[in-house]
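The opening residue of the sequence shown carries number 84 in the numbering used here; numbering runs sequentially from there. Think of the CB as a built atom: it goes at the ideal place given N, C-alpha and C, for glycine as much as any other residue. This structure is a prediction, so every number in the text was calculated from the model and none was measured. Scroll down for the structure; my scribbles are underneath it.
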Amino acid sequence: MEPIAYVNGAFVPLSEAKVSILDRGFLFADGIYEVAAVLDGKLIDNASHLARLERSVGEISLALPDSIDRIQEIQKELVKRNNLVNGMVYLEVTRGADSGRDFAFPKGVKPTLIMFTSVKDIVNAPSAKTGIGVITVPDIRWARRDIKSVALLAQVLAKQAAAEANAGEAWMVEDGKVTEGGSSSCFILTQDDVIVTRQNGSEILPGCTRKAVVKLAEERQLRIEERAFSVEEALAAKEAFITSATVFVQAVVSIDGKKVGNGKPGPMTDRLREIYVDFARATAV
Ligand code: PDD
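In structure tokens form, the structure reads like this:
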């Protein structure tokens, strides 16, 4: 069966899902996106993703074409129509298609809303057992990384460099400190068992998985510090890991070809992964 996508009010076969070449998402990357995981046919931590969607569109003065409740209904309907068991729902809202290419906001143009799904068994992904290697790259992005904008060229280049180096992710570095992964939040576990992840701010995306992991760790009285760390500190750490909707909690076993810890996923990472998967299942909608 051909996958079903959603485009501006209609559920259509993926091959028929089209937007205008004048769409501002296409011309200016004038749009916002979200990716929510699906486990056993249910959306994971979706309220958090939709809250961030609302915040992101607010930051660029873009009105959503539908209510948040309706958007969640559409996500669920799309999961159902695709018989999706495990994977994710991608959604994107742009400032719509104008009649030309004026930079300033158009008047009276309806935003574009599209969604599609993809299949991935996140819980049983092979890399969850082996961990991944990462490379480091300079963070060349704009100054409002807290907005989940579709302008991802810097991440495309970073993740391509990672792919060429047979690494699973690129860690972006600015002023000697790790900001975040190309599409993930970064964590380390220090030698004295403190979990460290960069504090939120305009330098990084406020990851939904990051937020949940921090809360879950705090609830278990694990020591956690929200501050920036360097690549050197990460290499001297016991463990390192990344979080995102598409990997949950994923061990990082090497950075630029140098081992982190013993070069295998560590017990804290495994434990946090398990805790997160339990949380995900228990709160799925
Ligand atoms: N990316 N940082 C960046 C730059 C990201 O693109 C992402 C997610 C995250 C993690 O956020 P969350 O835990 O809310 O997924 C951090 C998505 C998955 C993507 O672009 O595919």
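Collapsed DSSP secondary structure at residue i in the structure displayed
i           : result
residue 154 : helix
residue 287 : coil
residue 147 : coil
residue 329 : coil
residue 202 : strand
residue 84  : coil
residue 95  : strand
residue 236 : helix
residue 250 : coil
residue 196 : strand
residue 341 : strand
residue 226 : coil
residue 311 : coil
residue 334 : strand
residue 244 : helix
heavy atom of the ligand MG below 7 Å from residue i C-beta
i           : result
residue 170 : The ligand content of the structure shown is limited to the ligand PDD, which means the ligand MG is not among them.
N- and C-terminal bounds of the alpha helix (DSSP H) containing residue i
i           : result
residue 140 : 129–142
residue 210 : 209–213
residue 171 : Here residue 171 belongs to no alpha helix (DSSP H); instead the beta strand (DSSP E) covers 170–177.
residue 350 : 350–366
residue 317 : 314–318
Enclosing beta strand (DSSP E) for residue i [first to last residue]
i           : result
residue 260 : 260–264
residue 111 : Careful: residue 111 lies outside any beta strand (DSSP E), inside the alpha helix (DSSP H) at 107–111.
residue 369 : The chain is shown from 84 up to 368; residue 369 falls before or after that span and cannot be answered.
residue 279 : 278–280
residue 104 : Looking at the DSSP string, residue 104 is not in any beta strand (DSSP E), and its letter there is neither H nor E.
C-alpha distance - residue i paired with residue j, whole-angstrom precision
i           : j           : result
residue 146 : residue 190 : 12 Å
residue 350 : residue 272 : 10 Å
residue 129 : residue 184 : 34 Å
residue 293 : residue 197 : 26 Å
residue 221 : residue 256 : 5 Å
residue 333 : residue 270 : 10 Å
residue 354 : residue 151 : 33 Å
residue 252 : residue 102 : 30 Å
residue 268 : residue 92  : 33 Å
residue 369 : residue 200 : Look at the range of the chain in this structure, 84 to 368, and you will see that residue 369 is not part of it.
residue 313 : residue 95  : 46 Å
residue 109 : residue 310 : 35 Å
residue 131 : residue 316 : 30 Å
residue 346 : residue 336 : 5 Å
residue 282 : residue 263 : 11 Å
residue 172 : residue 148 : 18 Å
DSSP bridge partner residues for residue i (one or two, in chain order)
i           : result
residue 301 : Looking at the DSSP assignment, residue 301 forms no beta bridge with any residue, so it has no partner.
residue 292 : For residue 292, which the question treats as bridged, DSSP gives no partner whatsoever.
residue 118 : 173
residue 221 : 256
residue 126 : 121
residue 322 : 272
residue 216 : 337
residue 90  : 93 and 197
Interface flag, residue i vs chain C, CB-CB below 8 Å
i           : result
residue 202 : Annotation note: the requested chain C is absent from the structure, which comprises a single protein chain.
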